[in-house]
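One structure is given here, and the rest of the page talks about it.
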Amino acid sequence: MGAFTQLDALDGSGSFKAYEAGSGTAGIVVIQDIFGINAGIRAMVENWAALGYHAIAPDLFWRQEHGIELDADVPAEFQRALGHMERFDGTKAVADIEAAIELLRSKGCSKVGVIGYCLGGFLAYLCATRTDSDASIGYYGVSIDTRLDEQHAIGKPLMLHIATADGFVPAASQAAIHAALDGNRHVTIHDYDADHAFARHSGSSRVPALAEIADARSRDFFAAHLR
């Protein structure tokens with residue numbers, strides 16, 4: 001079982017919690033979606049720990065409210081999550097992820113990767129362009145097409161899982177992502193005939209067969225680049 005630990009923001013603006021589990025010389029930062037460090041995200045941290053990684057999931061909504069845990073299948077909580085996303089500062093969040101990367105390195109991880117979902121998928125892409133992450137994975141990342149001008153900064157492996165029927169990432173955005181990144185030797189993109197959040201840990205949006213394919217690819221990707 002994991003436990004919550006405390007991290008200090010790199011800009012000195014405060015401290016925030018992160019859910020941590022496992023140990024070892026390879027680390028993984030699990031980047032939340034818009035529902036906070038809920039049971040699903042904590043389970044993902046523990047799953048990576050069970051595979052021998054030192055895993056951690058920082059609370060990226062702490063500047064709005066500490067300890068947010070929401071359920072995507074509860075309409076009122078879904079709307080609340082969208083509100084948090086609208087007020088979200090992605091640049092500061094990347095710095096908070098960087099703090100988690102630094103913590104793992106300070107605890108003996110020689111390589112650290114990041115993996116994120118939805119909002120976290122977008123942040124995983126930004127980590128590939130803005131941090132020293134050794135490998136990055138993004139699931140159905142929203143808004144990646146708005147930051148494709150940063151793709152020249154990708155210097156280490158990045159894998160993107162795209163849901164082709166994603167209601168939050170329209171076909172034109174997906175086409176722009178492919179056009180910009182298909183030729184980048186550091187980037188691997190997989191497409192899935194599914195809607196957004198098909199690989200969520202649990203809930204009505206999960207498509208088990210496709211989630212298992214994507215997750216197997218993610219496991220192989222990290223095994224190749226973090227071990």
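Residues 1 to 227 in full-length UniProt numbering are what the sequence shown lists, from first letter to last.
The beta carbon of each residue, even a glycine, is placed where N, CA and C say it ideally should be.
Asked	Found
Spatial neighbours of L51 in its chain, beta-carbon cut-off 8 Å, leaving aside the 5 residues before and after	R219
For T5, the nearest candidate out of A165, F16 and L160 (CA to CA)	F16
Best match in A224, E98 and D33 for proximity to A9 [C-alpha to C-alpha]	E98
Euclidean distance between Cα positions of D193 and L103	37 Å
Distance CB(A165)-CB(D145) smaller than 9 Å	no
Own chain residues within Cβ distance below 7 Å of I115, not counting five before or after	I28, V30, I31, A124, I137 and S218
Bounding residues of the alpha helix (DSSP H) (the contiguous stretch that carries T188)	Looking at the DSSP string, T188 is not in any alpha helix (DSSP H); the run it does join, the beta strand (DSSP E), is V187 to Y192.
T5 - containing alpha helix (DSSP H), residue span	Looking at the DSSP string, T5 is not in any alpha helix (DSSP H); the run it does join, the beta strand (DSSP E), is A3 to D8.
Residues bridged to K17 (per DSSP)	Q6
Pick from T91, N47 and L158 that is closest to residue 257, judged by C-alpha positions	In the structure as shown, the chain begins at 1 and stops at 227. Residue 257 is therefore absent and cannot be evaluated.
Contact check, G113 vs D134, beta carbons under 9 Å	yes
For P58, three-class secondary structure by DSSP	strand
Under 9 Å between C-beta atoms of A176 and A153	no
Given F168 as reference, the closest of R185, S143, H225 and R147 once Cα atoms are compared	S143
Closest by C-alpha distance to D73, when choosing among E46, R200, A211 and H225	R200
For V169, the first and last residue of its enclosing beta strand (DSSP E)	Where V169 is concerned, there is no enclosing beta strand (DSSP E), given that its DSSP letter is neither H nor E.
Rounded distance between the beta-carbons of L119 and D33, thought under 8 Å	6 Å
Given A3 as reference, the closest of M85, I56 and V207 once Cα atoms are compared	I56
V45 in three-state terms, based on DSSP	helix
Reference G67; option with closest CA among C109, Y19, F88 and H54	Y19
Pair within 9 Å by beta-carbon distance, I162 and H190	yes
Start-end ranges of the beta strand (DSSP E) lying completely within the region 75-153, minimum 3 residues	111-117 and 135-139
Per-residue burial, M44 [other beta carbons within 10 Å of its own, 16 or more giving buried]	buried
Residue interval of the alpha helix (DSSP H) (run including I213)	P208 to L226
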